[in-house]
Amino acid sequence: MKRLHLERLANPQLLALAAVLLINWALFPNFFRITWQDGRLFGSAIDVLNRGAPVAILAIGMTGVIATKGVDLSVGAIMAVCGAVAATMVVAGYPTPIAVTAALGVGIVCGLWNGFLVAVLDIQPIIATLVLMVAGRGIAQLITEGYIVTFNDPTLIFIGTGSLLGFPMAAVIALVLMILVTLVVKRTAIGLFIQAIGVNRSAASLAGINSRILLMLVYGLSGFCAAIAGILVAADIRGADANNSGLWLELDAILAVVIGGTSLLGGKFSIPLAVVGAIIIQAMNTGILVSGFRPEFNLIVKAGMIILILMLQSPLVGTAVGFFKRDDKRVVSK
Amino acid sequence: QDNLKGLTIGFSQIGSESGWRAAETSVTKQQAEERGIDLKFADAQQKQENQIKAIRGFIAQGVDAIIVAPVVATGWDDVLTEAKEAEIPVMLLDRGVDAPEDLYLTSVASDQVLEGRTAGDWLVKEVGDADCKIVELQGTVGSTPAINRKKGFEEAIVGHANLTIARSQTGDFTRAKGKEVMEGFIKAENGGADICAVYAHNDDMAVGAIQAIKDAGLKPGTDIKVVSIDGVPDIFAAMVAGEANATVELTPNMAGPAFDALSAFLADGTQPAKFIITESKLYTPADNPQGEYDTRKGLGY
Amino acid sequence: MADSDYVLEARGVMKIFGNHVALDNVDFGLKAGEVHALLGENGAGKSTLIKILTGAYQPDGGGIYVDGTQVSLDNPLHAQTFGIGTVYQEVNLLPNRSVAENLFLGHQPLRFGFVNFRKMEADARVILKNYDLNIDPSSELGTHSVAVQQIVAIARAVQLSGKVLILDEPTASLDRNEVERLFEVVRGLKAKGLAIIFITHFLDQVFAISDRVTVLRNGKLIETRALDALTRTDVVRLMLGKDIAFSGATDVEPGEAPNEVLVEFKGYGRKRSVLPFDLTIHKGEVVGVAGLLGSGRTEVARIMFGADPADQGTVSVNGKPSAIRKTTDAIKHGFGFCPEDRKAEGILGDLSVRENIIIALQGKLGWFKALNRDEQMEIAGRFGESMDIRAASLDMPVKLLSGGNQQKVILSRWLATDPAFLILDEPTRGIDVGAHAEIVRTINRLRDEGMAMLVISSELDEVVAYSSRIVVMRDREMVAELRGKNINPGVIVQAIANNPDEAVA
Amino acid sequence: MKRSLRPLAATAVIFIIAYAASVLQFPSMLSTRVLGNFLTDNAFLGIAAVGMTFVIISGGIDLSVGAVIGFTGVLVAVLISWLGVHPLLAFVIVLGVAALFGAAMGAAIHYLKVPSFIVTLAGMFLARGGASVITQDSVPINHEFYSAISDLMIRLPGGGRLSFIGLLMVAIFLLGALLAHRTRFGSYVYALGGNPVSALLMGVPVARTTVQIYMLSSVLAALSGIVFSLYTSAGYPLAAVGVELDAISAVVIGGTLLTGGYGFVLGTFVGVMLLGLVQTYIIFDGTLSSWWTKIVIGVLLFLFIVLQRIIFAASAPGEEKPEKA
Ligand SMILES: Nc1ncnc2c1ncn2[C@@H]1O[C@H](COP(=O)(O)OP(=O)(O)OP(=O)(O)O)[C@@H](O)[C@H]1O
Ligand SMILES: Nc1ncnc2c1ncn2[C@@H]1O[C@H](COP(=O)(O)OP(=O)(O)OP(=O)(O)O)[C@@H](O)[C@H]1O
Ligand SMILES: [Mg+2]
Ligand SMILES: [Mg+2]
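Chains as they are written, first to last, in my numbering: chain P, 1 to 334; chain V, 335 to 635; chain U, 636 to 1140; chain S, 1141 to 1465.
Structure (structure tokens):
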């Protein structure tokens, strides 16, 4: 039992996270200082969780999509649409639950639309979701008519900035979602089927897996996750900013999934590790913020980090630390 | 001004990246409508190449005049020459260009450096001799307003050793990033206790920063002063609540003066001033923020 | 030490995958002007040895010698420069490119630095003529059947082989005529002094053409011998390390009354694919399907299984009219289907052996009745045992298994669903004698247990061995149904060849 | 017609129909001016898209294109305006830098086995970041060589102009088509996209080819950056943001499969022209708000893809085609 634990800790994602956190700590010694303030935890490390939550949530949905050998470029735009829906509805006086439900519904519909293009019309995922990536932001602006729609609805604001047991709501929601989706995927056969589709869709279909419905479902989940992220982001700033909400976050989400070890070629995937990937990215961003680098260097620092993390994960380096690898010495049947 | 009635004018707008930009678009459309102009609107989605395409398209269509809100200052010589050859007058909005002056009729713009300086001057006066650690929320890295507003502000505080910019990061002109960056600053500066003022290159980032300050248990406007630029409705709302201290107005009505200049030019060939500078007015809570809020609310911000 | 009259030689070669020793200190020498058969059960290490001899894998120990000097082959291109041409086991060509380009990739004739397409296609036409293949060299390779692709792969390797030609199961998807053609070409090359390695599971073919034979078992070299001193039984014993009783034709009691009807197809067909056919399948019978390559056998299987839905005709299962529009419909009725192209449509390469075995059963159980890991292990272990699947672990990716073992995995996948009606398209392709006999035994056993089967095979002896009835296809049409005494290779060939003008290739 | 050529024909037919429909609504769209503008205004996109076509045919993707355009523009401008380097020498330098950059990305993709999506994403951050570290301002280029090139054009009757950069793009497309369809390198690119394992076993020099592909893409992106600097007489770190997505759309609309192995360089040309047509149409219409512009572009993108699908549903690559020997 203990040994398994050690092996877990040695996986490249957690190593990378530890490395990034250490660097942050070196650059900014107060990084881990956490205080209790106004009934919640307060500190840079908590910010990482809070700010990383939207990308983590996107990454949860994105993992499924990527496992089926797809990609969803539209999540950022869907965030904008759903944030806009929720905000305009509460401003128009609808009760918060209805507004939130409607926004989630819109997210699912957007996702299913992508799924339809991919699964039924057989359009390549990148281009199928590019359609909504381009048009979605326009739709969001259409809803807000170009304004930043601000609101003062306490429930919605609580979703964005409140806290539970001292932890930021956004982080709690991301965690709950991660556990739920992971459980559903692990406890049912859905995870296996998703992998099968990603590895070889025609073989999976011949083996009796209804790949169309499953693909629709996977894209629908991605849309749903994007909707949650969109609502969170809007609730956080108490306004739906159709122009900027979720801008380029699809790239961060994809990056998180890949850092989490899921191959863009489909197949095996891990949702918790994708969430770790999102946290790594956010730890990097927060590190840049608190360390006082000049902003011109942001992108270069980020690129350097990505290269470092990927080197850590690459099979080339992997063989060097192959000692830690788990699956080699398992059951030998004969 | 009746001579503009029925004219077709092409308007190449940068995009709709901020509330201010949206307001400029809607004010321009409004102004055109008042004058009976048929306005052809082209949104460039933040890309200069799209703006050049749009201007070329307007020329091919044979419009009567063109207005452009250039995304950057450089790179307009060729396309403006083309417009000149086609004898279509061009007017520039909210930013000048690095091109020979005979290539355009007039340029209606604010002085972005002055905006920054106005904000800085206000802060210098406000803090007096007290020490003041400032944090700065920059606009998008590399964008002209970010560069100029930073420059103007630094000009204003230079020589006042008690004012220092402790931290400066980009907030991409957005609320969400403004909030996130401010959160980071607060953690980095002793829970915010060391920060005396925040200077944001636009109001949206300031609004985000105000929320971050409140979340950290501090009082924006009192514990940390908030000064920013643009004059959008929400910053006046914040002033009403005592959470923002000053903003420098950037008027969204750039098209009005441009149309006036065009009208005069078409009527009797009057050459308008090459550079029409709009006012950069400072607003503080003393300037009836509620009233300002109400007048601006409907402008499309 | 071996003398250097070997053109290509492996000395003490080791290859280890993870903790599985695929090749253990293997010596292998190839002489000019000989055909050297490399034999062994599925997973014995034949393909691995080939990949090492051609630079596709690097050995973990030992060395490769060309004409007596040690070389290190970095990649297949490097091996090509020594005049080594290879046909790897699974067709490794580019389905997206033209036939001509596949023949010449890397060696296209150039003019002024640009590829000379006219010359390339003309040359291709000439080469393909040698194999009686009359196809358009500019057509996309992927539009052709596996057999055609196999011939193109052979032609390519022959073109590249100045010194050594390596053929890893080249005949698995060829029919008799094509095999004969290939042998002619091989004999010609041998006469020219080329050294040829030939891997196959067909012992007849081994005896027809080989001079010497090397046998591998479990990654170890068993023996290299001249073939004329050996009998078939000797070879089998060497391979398996024990004797097996190769079950010949099982007697099918002719007069026996058929069991109840299980599936009945009436006027079933699909435009541009298969002409309408009638076929009734009873419980506990095996219907063999014979026919030339491209006669439409695979299409029949796919239509029956709903992989390509029929657009005419009706089907009833257990007497009830049914609709089979998608594969899941078929599976609901208890159908199973092992496709012909195992790499593209059969295995889920990156998934484990275990997952590959339970996937169809899980598909049948649905999303929410998930088998847990222990149940999966139990099922996979059971079939791993009964089908004798050689895998280092049930958790290893199935793509790392040898071809024959992959086939067993797919068969297990369907047996796990306990099907009523199993469609097998070339189930014994690329399978060693032992496993071959085992699969034939399995088919017989399943039939006796009451399962209905439709088996497509190009091996007439084999079809005869297990079929209760044989339908013959020609030119996308079912042309004959043979029963009782008529179930023998001679009659089948006659039925196939009834109209010789239409015979393909 | 050859099966593989059909998507190309489809795209061309769609373009002609769409163009005809636009002309019916706005007759002035038929002018030589508009046609000349198609070439000039899309020159940089077209050149970058040629490189992208190779990458996508090989089964990869290059997200760094837009950033490389921005970076090279800045580098060229800085070399010329600040350091007084002659433009031609500056071009040689930036093309060299880009070649190294592309080679590094290709090597990372091949040897580290990291997906191209991620490597080029890091490349994008690096190039964009590099540009803004060099300078944050837009650096104007005032050099007689530059004005000479902008004056280099063929004037057509009706006010149209065939500019140097427009013609350069056409030339690059023709060269790209030759490279893709008529050389061994081209066949290796298709081989990698078709099946990398087979390609390796057939003796394709996979490592070298991968490196060359990304080198080609970066060099063409750099050339595109040079063209962009000619187009705007300046270098700007934020130039050409998101051009990679336009390039990918153009490539895919032009009938190239993102899964690799199938595609045409000239199809990409039609794809670029189609995108240009959409933009021109929107400008001529002139009534769309910012958000409707986005929606309309999205909808048109969707329509093109679906149209292509519908026309070619019956002949998608890989589908079996009855054929008798
Ligand atoms: N890349 C690999 N990684 C791990 N194991 C491998 C790999 N390639 C082959 N093996 C294992 O090595 C052993 C030898 O495989 P090989 O393909 O050489 O067998 P073979 O004799 O060609 O069998 P067949 O007749 O079925 O083709 C098998 O057990 C196989 O599972
Ligand atoms: N020698 C050949 N030349 C050209 N085309 C061929 C040849 N053999 C088969 N084909 C084509 O390949 C396709 C494959 O047919 P199909 O798979 O149904 O045949 P089959 O009877 O199952 O043969 P196989 O034994 O290869 O499985 C058919 O469309 C056929 O026209
Ligand atoms: Mg083998
Ligand atoms: Mg077949």
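Idealized CB from N, CA, C, for every residue including glycine.
This structure is a prediction, so every number in the text was calculated from the model and none was measured.
Check: Ligand 1 heavy atom lying under 7 Å from the CB of U:THR689; Outcome: no
Check: Contacting positions in the stretch 343 to 357 of chain V - beta carbon closer than 8 Å to chain S; Outcome: GLY344, GLN347, GLY349, SER350 and ALA356
Check: U:GLY675 Cβ short of 7 Å to ligand 6 heavy atom set; Outcome: Annotation note on ligand 6: not contained in the displayed structure, which lists ligand 1, ligand 2, ligand 3 and ligand 4 as its ligands.
Check: is_contact[V:LYS639, chain S] using C-beta, thresh 8 Å; Outcome: Not covered by the structure: residue 639 of chain V. The range shown for chain V is 335 to 635.
Check: Within-8 Å CB hit, S:ARG1301 to chain P; Outcome: no
Check: Chain-ordered neighbours of U:GLU775 on chain P, where CB pairs are closer than 7 Å; Outcome: Within 7 Å Cβ-Cβ: nothing; U:GLU775 doesn't reach chain P, min ~18 Å.
Check: Cβ neighbours of U:GLY883 in the same chain (closer than 6 Å, five flanking residues each side left out); Outcome: Residue placement at U:GLY883 is poorly supported in this model, since its pLDDT is 43, which falls under 50; the coordinates are not used for a value here.
Check: Reference V:ASP621, options V:GLU577, V:MET573, V:LEU600 and V:GLU613, closest by Cα; Outcome: V:MET573
Check: Exposed unless 16 or more other CB atoms sit within 10 angstroms - verdict on S:HIS1226; Outcome: exposed
Check: Cross-chain neighbours of P:GLU296 in chain V, by beta carbon under 7 Å; Outcome: VAL475
Check: Alpha-carbon spacing of S:ALA1230 relative to U:ASP803, whole angstroms; Outcome: 55 Å
Check: Nearest candidate by alpha-carbon position, reference U:THR868, set U:ALA1115, U:GLU1073 and U:GLY1069; Outcome: U:GLY1069
Check: Under 9 Å by beta carbon: chain P residues contacting V:ASP568; Outcome: ILE148, THR150 and GLY239
Check: Whether U:PHE652 touches U:LEU1035 by CB criterion (8 Å); Outcome: yes
Check: U:GLY718 and U:GLY797 closer than 8 Å at C-beta; Outcome: yes
Check: Simplified DSSP assignment, three categories, for P:TRP36; Outcome: strand
Check: Residue-level contact to chain U via CB, S:TYR1330, 8 Å cutoff; Outcome: yes
Check: Residues near V:ASN496 by beta carbon distance below 8 Å, same chain, minus five either side; Outcome: VAL461, ASP463, ALA464, ASP465 and CYS466
Check: Pairwise C-alpha distance: V:TRP354 and V:ASN579; Outcome: 19 Å
Check: Residues that DSSP places opposite V:GLU583 in a beta bridge; Outcome: V:ASP564
Check: Terminal residues of the alpha helix (DSSP H) in which U:PRO711 lies; Outcome: 711 to 716
Check: Cutoff 8 Å: V:PRO572 Cβ touching any chain P Cβ; Outcome: Sequence check: residue 572 of chain V is Ala here, not Pro. No, no contact with chain P.
Check: For V:ALA589 and V:PRO606, believed in contact at Cβ under 8 Å, the rounded distance; Outcome: In fact, because the Cβ distance is near 14 Å, the residues do not count as touching under 8 Å.
Check: 8 Å Cβ cutoff, P:VAL258 in contact with chain U; Outcome: no
Check: Nearest candidate by alpha-carbon position, reference U:ARG816, set U:ASN765, U:SER774, U:VAL793 and U:LEU865; Outcome: U:ASN765
Check: Beta-carbon proximity of U:ILE1122 to U:LEU1095, cut-off 8 Å; Outcome: no
Check: For V:ALA601 and S:GLY1365, the rounded distance between their alpha carbons; Outcome: 43 Å
Check: 4-residue-minimum alpha helix (DSSP H) runs that sit fully inside the stretch 567 to 634 of chain V, ordered along the chain; Outcome: 567 to 574, 589 to 602 and 623 to 631
Check: Chain P contacts made by the stretch 532 to 556 of chain V, where a contact means CB separation under 8 Å; Outcome: ASP538, VAL541, GLY542, GLN545, ASP549, ALA550 and GLY551
Check: Limits of the unbroken alpha helix (DSSP H) element including S:THR1427; Outcome: Neither: S:THR1427 is in no alpha helix (DSSP H) and is coded neither H nor E.
Check: Span separating the alpha-carbon of P:GLY246 from that of P:ILE281; Outcome: 15 Å
Check: Assumed close pair U:VAL935, U:ILE1078 - CB separation to whole angstroms, cut-off 8 Å; Outcome: Contact doesn't hold; Cβ gap of about 18 Å is too wide.
Check: Burial state of U:ILE832 (16 or more Cβ within 10 Å); Outcome: buried
Check: Which residues DSSP lists as bridging V:PHE375, in chain order; Outcome: V:PHE345
Check: Beta-carbon proximity list for S:ARG1295, same chain, < 6 Å, skipping 5 on both sides; Outcome: ARG1301
Check: U:ARG1025 Cβ short of 7 Å to ligand 1 heavy atom set; Outcome: yes
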